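Following: one structure in structure tokens, then a few remarks.
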Amino acid sequence: MDPLPVIHLTDFTITSLQGEHSSLLDDAQIFLQLILDGDVMYETVQGEREADKQVWKVQDCVDVPKLDDISLFSIAVMLDSTSRIVTPLASVKLVSHNIPAERQTSKVTQDLAGLDSILEFSINCTSDGLGSPLSPTRHHEPTTATGTPNPADVYNTQTPHLNDERRSPSQFIEKLSPGDLDAIHSHMPVEPDVEKRAEALNALGKMFLMHYQNNHGLGNLNRAVSAFEDATQMATPNSSQKCIYLNDLGTSLGLRFKHLGEVHDINKSILMLQDAVQLVCDSHLEKPGYLNNLGGSLLHRFERLGNLNDVNNSIRMRENAVQLTPDGHPDKPGRLNNLSASLLRRFQRLGNITDVDNSIRVGENAVQLTLDGHPNKPGCLNNLGSSLLLRFQHLGNSTNMDNAIRAQENAVQLTPDGHPNKPGCLNNLGSSLLHRFEHLGNITDMDNSIRVREDAVRLTPDGHPDKPGHLNNLGGSLLRRFERLGNITDVDNSIRVRENVVQLTPDGHPDKPGYLNNLGSSLLSRFEHLGNITDMDKSIRMREDAVQLTPDGHPDKPGYLNNLGDSLLSRFECLSNITDVDNSIRAGEDAVQLTPDGHPDKPGYLNNLGSSLLYRFERLGNITDMDDSIRV
Numbered sequence: 244m245d246p247l248p249v250i251h252l253t254d255f256t257i258t259s260l261q262g263e264h265s266s267l268l269d270d271a272q273i274f275l276q277l278i279l280d281g282d283v284m285y286e287t288v289q290g291e292r293e294a295d296k297q298v299w300k301v302q303d304c305v306d307v308p309k310l311d312d313i314s315l316f317s318i319a320v321m322l323d324s325t326s327r328i329v330t331p332l333a334s335v336k337l338v339s340h341n342i343p344a345e346r347q348t349s350k351v352t353q354d355l356a357g358l359d360s361i362l363e364f365s366i367n368c369t370s371d372g373l374g375s376p377l378s379p380t381r382h383h384e385p386t387t388a389t390g391t392p393n394p395a396d397v398y399n400t401q402t403p404h405l406n407d408e409r410r411s412p413s414q415f416i417e418k419l420s421p422g423d424l425d426a427i428h429s430h431m432p433v434e435p436d437v438e439k440r441a442e443a444l445n446a447l448g449k450m451f452l453m454h455y456q457n458n459h460g461l462g463n464l465n466r467a468v469s470a471f472e473d474a475t476q477m478a479t480p481n482s483s484q485k486c487i488y489l490n491d492l493g494t495s496l497g498l499r500f501k502h503l504g505e506v507h508d509i510n511k512s513i514l515m516l517q518d519a520v521q522l523v524c525d526s527h528l529e530k531p532g533y534l535n536n537l538g539g540s541l542l543h544r545f546e547r548l549g550n551l552n553d554v555n556n557s558i559r560m561r562e563n564a565v566q567l568t569p570d571g572h573p574d575k576p577g578r579l580n581n582l583s584a585s586l587l588r589r590f591q592r593l594g595n596i597t598d599v600d601n602s603i604r605v606g607e608n609a610v611q612l613t614l615d616g617h618p619n620k621p622g623c624l625n626n627l628g629s630s631l632l633l634r635f636q637h638l639g640n641s642t643n644m645d646n647a648i649r650a651q652e653n654a655v656q657l658t659p660d661g662h663p664n665k666p667g668c669l670n671n672l673g674s675s676l677l678h679r680f681e682h683l684g685n686i687t688d689m690d691n692s693i694r695v696r697e698d699a700v701r702l703t704p705d706g707h708p709d710k711p712g713h714l715n716n717l718g719g720s721l722l723r724r725f726e727r728l729g730n731i732t733d734v735d736n737s738i739r740v741r742e743n744v745v746q747l748t749p750d751g752h753p754d755k756p757g758y759l760n761n762l763g764s765s766l767l768s769r770f771e772h773l774g775n776i777t778d779m780d781k782s783i784r785m786r787e788d789a790v791q792l793t794p795d796g797h798p799d800k801p802g803y804l805n806n807l808g809d810s811l812l813s814r815f816e817c818l819s820n821i822t823d824v825d826n827s828i829r830a831g832e833d834a835v836q837l838t839p840d841g842h843p844d845k846p847g848y849l850n851n852l853g854s855s856l857l858y859r860f861e862r863l864g865n866i867t868d869m870d871d872s873i874r875v
């Protein structure tokens with residue numbers, strides 16, 4: 244085989260023409276990368292800085308094959324500081340066929356984001372016996388004592404193709420594929436410095452988490468959790484960074500719980516976040532954020548398991564987060580908004596009007612403290628609308644309803660198309676419009692509720708964890724319009740979208756019982772309209788599943804039992820099977836027993852139980868049933 248011509252680039256000098264520059268601090272370490280077709284083919288040794296000068300000499304040789312299909316290549320100037328963050332400073336594109344074969348000195352000047360620099364190097368062209376084309380490699384990787392690559396440096400040098408612009412590290416992270424990150428993760432265990440390894444693993448977890456937030460792929464979330472777990476286990480007990488790793492792990496486990504509904508994830512999330520909180524004193528700058536995140540995971544567990552202690556502790560954590568956050572801090576409105584959400588959920592459980600009043604008060608503070616144009620303002624308005632809606636439902640004051648709709652309409656208008664929060668804002672506006680329809684009977688509100696909820700579904704990508712909820716709520720609006728106007732197409736569509744919801748939601752997900760219950764409602768309505776006993780049987784089956792999947796103590800279990808009793812009573816009225824009315828009474832009794840006195844739904848459950856007892860009395864004539872019906 245004939246030897247291939249090779250271009251040798253040697254004796255590099257990098258100079259800042261600005262003198263002292265903010266990007267070139269005393270600890271700056273400069274090296275170069277050869278890039279062909281987007282791949283880093285070679286990395287030089289680090290340059291030596293000349294005394295009292297912004298000049299670095301790199302004594303290394305970069306070889307480039309002089310081939311027709313490799314005519315354009317780049318030399319990138321890279322900055323590596325003691326923070327272990329690698330940043331590109333400049334990139335010079337060269338065309339090989341324009342480089343003469345004789346030795347010469349080349350000087351290329353770049354003006355990049357205010358950093359004027361000269362890259363100077365020597366060139367000659369010879370023929371070397373290269374038997375195969377270059378493949379991506381790093382000839383001068385830092386090594387451990389055993390000669391293996393240093394994983395922290397592998398992590399720091401895995402950068403994508405550089406063009407002629409300076410970019411922030413986060414922009415480079417966005418370009419790394421999950422496959423790239425997996426490769427980096429697999430090299431981490433050989434890094435001998437435990438603290439560096441933990442720091443790199445945690446940074447890797449954040450990269451995976453960013454990919455998850457962009458495309459909601461569960462694989463990326465699992466990788467993020469794995470990397471955060473490795474970082475947490477790797478960190479020494481007295482590491483100043485361990486609280487950060489625990490917080491990141493706890494937060495990512497909370498996200499996975501929302502995605503999959505696995506109780507062990509939310510339990511571990513709470514444990515990790517509790518440890519993060521305990522590791523820092525009240526004056527620590529990050530403590531309010533850790534408390535806020537712990538409050539969020541406690542709230543999620545309450546929503547799944549219904550333990551009142553969890554929502555109480557969620558409120559306490561978030562109150563502490565607000566108190567520890569100084570006025571004027573940019574995170575204070577968000578923490579107020581989250582406290583408002585926890586208060587609202589306790590109100591939904593216990594019906595104490597003080598909680599919803601406080602939720603509105605705190606939510607109004609969040610809105611007032613958030614500047615117009617701030618990206619968090621729509622979310623604060625949206626949540627305030629939800630609190631106002633629930634107070635309207637409790638007290639019936641139409642002013643609260645109108646204010647809820649106004650706040651949520653503002654949230655929708657302030658959220659640009661394509662923003663990930665827009666579907667949620669549309670969905671909640673649909674809820675308020677539906678309730679105003681039920682209060683005032685204006686069909687325009689119903690039509691608008693369906694329209695905005697259709698928009699919410701359309702704007703939510705497949706696979707997004709919120710899509711089933713948006714579909715479920717659209718099914719609710721369609722059902723209500725059917726009940727008002729009697730158009731069979733609406734109830735058919737309601738059943739169709741709610742069946743889709745159940746199929747999209749894995750077993751064990753905390754929302755699945757609610758989706759099953761609601762599908763049962765749509766099927767029951769179609770049965771009452773068309774009389775098809777198949778719809779009735781399926782309604783009962785869905786509601787039985789909802790009850791069985793809901794743990795004792797969960798705040799929604801009494802409602803599911805009450806609705807199951809309603810479906811069983813309807814089938815008894817149709818078929819006169821005494822077993823159905825017996826089971827209806829049993830479900831109704833359980834619903835009443837599980838509902839605390841003073842809860843706003845308890846009178847309705849008692850009324851339905853009384854109806855079932857009365858039906859059984861009329862069928863069997865047992866005076867005890869009549870007495871019990873009157874008593875309840």
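Taking this note's numbering, the leading residue of the sequence shown gets 244, the next gets one more, and so forth. Even for Gly, the Cβ is constructed at its ideal location relative to N, Cα and C. On a predicted model such as this, the values are computed, not experimentally measured, just so you know.
- Taking the Cα of Gln636 as reference, the smallest distance to any Cα among Pro621, Leu534, Gly667 and His678 is reached at His678.
- Boundaries of the alpha helix (DSSP H) harbouring Pro531: Lys530 to Leu548, taken from the DSSP string.
- Beta-carbon to beta-carbon, His459 and His682 are separated by about 36 angstroms, too far to satisfy the 8 angstroms threshold.
- The segment 682 to 691 and the segment 652 to 660 do not touch, with fewer than 3 CB-CB distances between them shorter than 8 angstroms.
- Out of Ala609, Thr597 and His507, the CA that lies nearest to the CA of Leu638 is found in Thr597.
- Collapsing the DSSP output to three states places Cys524 in coil.
- The Cβ neighbour count for Arg578, taken over all protein chains shown within 10 Å, is at least 16; the residue is labelled buried.
- Between the segment 834 to 847 and the segment 860 to 874, the count of Cβ pairs shorter than 8 angstroms is below three; the stretches do not touch.
- If you compare the alpha carbons of Ser819, Gly841, His842 and Gly802 with that of Asn851, the shortest gap goes to Gly802.
- In this structure, the straight-line span from the alpha carbon of Arg724 to that of Arg741 is close to 15 angstroms.
- When DSSP states are grouped into helix, strand and coil, Lys296 belongs to the coil group.
- Sixteen is the threshold: when 16 or more other Cβ atoms of the shown chains lie within 10 Å of the Cβ of Arg696, as they do, the residue is buried.
- For Pro756, the enclosing alpha helix (DSSP H) stretches over residues Lys755 to Leu773.
- Contact between Leu766 and Ala789 fails: their C-beta atoms lie close to 12 angstroms from each other, not under 8 angstroms.
- An exposed status is given to Gly729, since fewer than 16 other beta-carbon atoms sit within 10 Å of its beta-carbon.
- The residue from Leu702, Thr568 and Ala519 with its alpha-carbon nearest to that of Gly661 is Leu702.
- In the structure shown, the three-state DSSP call for Glu286 is strand.
- Excluding its 5 nearest sequence neighbours in each direction, Ile693 has C-beta neighbours in its own chain below 8 angstroms: Gly673, Leu717, Ser720, Leu721 and Arg724, listed in chain order.
- Relative to Asp525, the option among Gln566, Ile509 and Asn736 whose CA is nearest is Gln566.
- In the three-state reduction of the DSSP assignment, Glu291 falls in the strand class, which pools E and B.
- Around the beta-carbon of Ser782, 16 or more other beta-carbon atoms lie within 10 Å, marking it buried.
- With respect to Gly538, Arg561 sits close: the two C-beta atoms are nearer than 8 angstroms.
- If you draw a straight line from the Cα of Pro573 to the Cα of Asp809, it comes to about 50 angstroms.
- Every alpha helix (DSSP H) of 4 residues or more that sits fully in the segment 436 to 476 is shown, in chain order, as 437 to 458.
- Collapsing the DSSP output to three states places Leu632 in a helix.
- Between Lys530 and Val520, the gap from beta carbon to beta carbon is short of 8 angstroms.
- Here Ile686 is exposed. Its C-beta has fewer than 16 other C-beta atoms within 10 Å.
- In the DSSP assignment, Asp823 falls within the alpha helix (DSSP H) that extends over Ile821 to Gln836.
- If you draw a straight line from the Cα of Gln289 to the Cα of Leu275, it comes to about 8 angstroms.
- Assigned with DSSP and collapsed to three states, Asn640 falls in coil, not helix or strand.
- Here the C-alpha atom of Leu498 lies approximately 21 angstroms from the C-alpha atom of Arg589.
- Under the DSSP assignment, Gln746 falls in the alpha helix (DSSP H) whose first and last residues are Ile731 to Leu747.
- Counting along the chain, Val790 sits inside the alpha helix (DSSP H) bounded by residues Ile776 to Leu792.
- Taking C-beta atoms as the reference points, Leu516 and Gly493 count as a pair closer than 8 angstroms.
- Spanning the alpha carbons of Gln476 and Arg604 requires a straight line of approximately 42 angstroms.
- Counting other Cβ atoms within 10 Å of its Cβ, Asp870 stays below 16 and is therefore classed as exposed.
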